[in-house]
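Below is one structure; the comments refer to it alone.
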Amino acid sequence: QAVNWRAAFWVPSLILLPMAAAFFTFLRDTPEEVGFPTVRDDGIEATPAATTNPGSELTTGQILRLTLTNPVLWVLCIGFFCMNSVRYTFLNWTVQYMFDFHHRTIKGSAFMAIIFPLIGCAGAIAAGWASDTIFGKRRAPVCAIMLVGVAAVCGLFTVIPQGQWVLATALLGLAGFLIYGPDMLMSGAATVDVSHPKAASMATGLTMGMGAAGAIFSGAGIGWLKDLWHGDWAVVFWLLADLAIVSALLMITIWNARPKGAR
């Protein structure tokens, strides 16, 4: 409101510029580039004499086959589609929900919506810590547990009385904490864990692509559903709860998946 809408594009761009410079300067592709030993396909550090030679590189066709024929990866992809549909529904529709259902201003609704990704950062860190220290580098158990929590929170949204925006904001923060953990694990660590080391980038691209499809559904699909049910937000939240449960059940099927060589 203080400046025109173009600031919504300029401010993020100015924030990203130094981040891009930092990535370009400091990010490296392989452990060897920063002096670490080579890691073999079984996850065990190799001796300097066992470094990979150029002839061992995989062709694009081999990488594609390793990616598309990986059943555990496909479970992750479908689960990530369901989870990301929920996450992006909160990101895309929270302001509208607060405005319509709790009668807040657009500005006030936008400020309340910040709590979702803000608390979500803590959830992502907690999920990573739990998967490494409690579950022995297994990502699926953490995802499943947190997604069941997401489903429960979505159910609670259906019983909040109109105008109780403080309670809604608290639940929004809890939803962010619970959903950003699975988002981080499924799209990153879990995908890399179950992929061939030389197909990790393509596997991550496939997972993120399915997540993008979920983001598309959260816009057009949720909008269509809301119109079909004449703006009934309870229907939307029950659908989100169902999607979270489906994603949790998929994670249960790969409960014991972990990086090669992990103990």
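Mapping the sequence shown onto the numbering used here, position 77 (from 1) lands on 1190, and the numbers just tick up by one.
Just so it is clear, CB atoms sit at the ideal spot from N, CA and C, and this is done for glycine as well.
Which value, in whole angstroms, describes the spacing of the CA atoms of residue i and residue j?
i: K1373; j: I1228; result: 37 Å
i: A1243; j: V1255; result: 7 Å
i: T1143; j: N1183; result: 23 Å
i: V1348; j: T1172; result: 47 Å
i: F1193; j: G1318; result: 12 Å
i: A1316; j: G1324; result: 12 Å
i: F1122; j: I1219; result: 18 Å
i: F1214; j: W1368; result: 38 Å
i: W1278; j: H1343; result: 21 Å
i: A1361; j: A1328; result: 18 Å
i: A1235; j: A1288; result: 12 Å
Can you give me the Cβ contacts of residue i inside the same chain, cut-off strictly under 7 Å, excluding the 5 residues immediately before and after it?
i: M1321; result: S1300
i: Y1210; result: W1346
Leaving out five residues before and five after residue i in sequence, what residues of the same chain have Cβ atoms less than 6 Å from its Cβ?
i: I1292; result: R1200 and V1263
i: A1226; result: T1207 and V1208
i: L1130; result: none
Which two residues bound the contiguous alpha helix (DSSP H) that contains residue i?
i: G1318; result: A1313 to I1329
i: N1197; result: P1184 to F1214
i: A1135; result: A1120 to F1139
i: S1300; result: Premise fails: S1300 is in no alpha helix (DSSP H) and is neither H nor E.
Can you tell me which of the three DSSP states residue i falls into?
i: V1305; result: helix
i: L1171; result: coil
i: P1144; result: helix
i: P1150; result: coil
i: I1227; result: coil
i: R1217; result: coil
Near residue i, which residues of its chain fall below 8 Å by C-beta distance, leaving aside the five closest residues on each side in sequence?
i: G1268; result: F1350, W1351 and A1354
Alpha helix (DSSP H) runs wholly inside the stretch 1232-1285, at least 4 long, in chain order: 1253-1270
Entirely enclosed alpha helix (DSSP H) segments - the stretch 1333-1373, minimum 4 residues: 1335-1341 and 1346-1366
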